[in-house]
Amino acid sequence: MPNNIKQQIQADLQQAKETGQLRTERIREIVKSAVSQVGSEFKQGSTELRSLVRDAVSAVVENFQEKGSELKDEVTASIEGALEGINTKRHESIAQTQIDIKRLQAQLDGEEEELQQEIDVILAEIEDTSKQEPASTKTAIDSAVNAIKDSEEVGLLKKRYAQLQAQLAIVRANLAARYGGRSMEVQDYLDEAKHWYDKARPQAESMAVQVEQKRSQLEDQLGEAGTSLAKKERQIKQTLRQLLLTAADLFKEKQPADKERDTIHK
Numbered sequence: 001m002p003n004n005i006k007q008q009i010q011a012d013l014q015q016a017k018e019t020g021q022l023r024t025e026r027i028r029e030i031v032k033s034a035v036s037q038v039g040s041e042f043k044q045g046s047t048e049l050r051s052l053v054r055d056a057v058s059a060v061v062e063n064f065q066e067k068g069s070e071l072k073d074e075v076t077a078s079i080e081g082a083l084e085g086i087n088t089k090r091h092e093s094i095a096q097t098q099i100d101i102k103r104l105q106a107q108l109d110g111e112e113e114e115l116q117q118e119i120d121v122i123l124a125e126i127e128d129t130s131k132q133e134p135a136s137t138k139t140a141i142d143s144a145v146n147a148i149k150d151s152e153e154v155g156l157l158k159k160r161y162a163q164l165q166a167q168l169a170i171v172r173a174n175l176a177a178r179y180g181g182r183s184m185e186v187q188d189y190l191d192e193a194k195h196w197y198d199k200a201r202p203q204a205e206s207m208a209v210q211v212e213q214k215r216s217q218l219e220d221q222l223g224e225a226g227t228s229l230a231k232k233e234r235q236i237k238q239t240l241r242q243l244l245l246t247a248a249d250l251f252k253e254k255q256p257a258d259k260e261r262d263t264i265h266k
């Protein structure tokens, strides 16, 4: 079949045209199916595989030559389909790796929670023993314990880490949608982004109106991305791009606490 991939694609395109189904989405699916079937015979990154992609795209170009400079959408669909086709197995591997990462992350979160609980118990015992100390000593001990409990640096690090993880999840959703990831894979990344985004939100709701509006926009776009994905709309890629830009813009905003600390340090 490798030598006949162009004929196979052109035949499928002709059949789709005769049944009135020759839309860009259908072109992408035709090319993806043909390339994935043949591509399984070749090694990832091989010359043969790259040649296969060129032949697949060429088949579409030849089929729509009459459109001249207006065949951009068809060429784009053929390239996307070819890339998705050669990356099918690779995405399966990526999806499995992502499952392993989530399992390890859950394990890490659990171990960190256990560590925090142990620290809380130790601090509580220190506070309890301080009751027998003179008032001035007890005050000093309580102050030290509270300073450790309410460490602003630790809180800020946790928030920044959660923001980074949320952005990375959105980036992965974009990559998966653009290069052939299954809809479930993209949805998993969106769910992961929302999980980390919720962790990054400040506990207090006394934030600036502008920041709150951007947070609301991000939440709306997360929901819109999931809806577009469920409907298998081509718009999902544009929605995900806008979601990434919104997240980047929001997470670079300084929270009131950050601004106040900067003012003090000045």
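Under the working numbering, the sequence shown is numbered contiguously, ending at residue 266.
Even glycine gets a Cβ: it sits at the ideal position worked out from N, Cα and C.
Please report how far the alpha carbon of residue i lies from the alpha carbon of residue j, in whole angstroms.
{"i": "Q291", "j": "D12", "result": "Summary: the structure shown does not reach residue 291, with the chain confined to residues 1 through 266, and so no result is reported for it."}
{"i": "G39", "j": "V154", "result": "49 Å"}
{"i": "K138", "j": "I126", "result": "10 Å"}
{"i": "R271", "j": "L104", "result": "In the structure displayed, the chain extends from 1 to 266; residue 271 sits before or after that span and is not available."}
{"i": "T88", "j": "D191", "result": "22 Å"}
{"i": "L243", "j": "R50", "result": "32 Å"}
{"i": "D109", "j": "I119", "result": "15 Å"}
{"i": "A248", "j": "Q167", "result": "7 Å"}
{"i": "A59", "j": "K102", "result": "41 Å"}
{"i": "Q98", "j": "R178", "result": "17 Å"}
{"i": "S216", "j": "Q10", "result": "47 Å"}
{"i": "T239", "j": "Q8", "result": "33 Å"}
{"i": "A144", "j": "S130", "result": "11 Å"}
{"i": "I30", "j": "E114", "result": "52 Å"}
{"i": "Q37", "j": "Q96", "result": "21 Å"}
{"i": "A56", "j": "V35", "result": "7 Å"}
Judging by CA-CA distance, which residue of the options is the nearest neighbour of residue i?
{"i": "T77", "options": "D249, T24, K131, L168", "result": "Just to set this straight, residue 77 is Ala in the shown sequence, not Thr. Looking at the Cα atoms, T24 is the closest of the given residues."}
{"i": "R54", "options": "E66, K67, G85, R201", "result": "G85"}
{"i": "I94", "options": "M184, A140, S216", "result": "M184"}
{"i": "R201", "options": "N4, R178, L164, I148", "result": "L164"}
{"i": "Q116", "options": "I148, T97, D142", "result": "I148"}
{"i": "G268", "options": "E80, K194, D142, L52", "result": "Residue 268 is absent from the structure shown; the chain starts at 1 and stops at 266."}
{"i": "D220", "options": "D100, T246, L22", "result": "T246"}
{"i": "L83", "options": "Q96, L52, V61", "result": "L52"}
{"i": "E80", "options": "G20, R26, A225, D100", "result": "R26"}
By the 10 Å Cβ neighbour count, where 16 or more other Cβ atoms means buried, how is residue i classified, buried or exposed?
{"i": "Y189", "result": "buried"}
{"i": "Y197", "result": "buried"}
{"i": "T267", "result": "With the chain covering only 1 through 266, there is no way to say anything about residue 267."}
{"i": "G68", "result": "exposed"}
{"i": "N63", "result": "buried"}
{"i": "K72", "result": "exposed"}
{"i": "I5", "result": "buried"}
{"i": "A140", "result": "exposed"}
{"i": "L218", "result": "buried"}
{"i": "K17", "result": "exposed"}
{"i": "K32", "result": "buried"}
{"i": "Q111", "result": "As written in the sequence, residue 111 is Glu, which differs from the Gln given in the question. E111 comes out exposed."}
{"i": "V186", "result": "buried"}
{"i": "E74", "result": "buried"}
*asked:* For the structure I just gave you, are there three or more beta carbon pairs, one from the segment 129-146 and one from the segment 170-177, closer than 8 Å?
replied: no
*Does the segment 154-164 come close enough to the segment 111-128 that 3 or more CB-CB pairs lie under 8 Å?*
no
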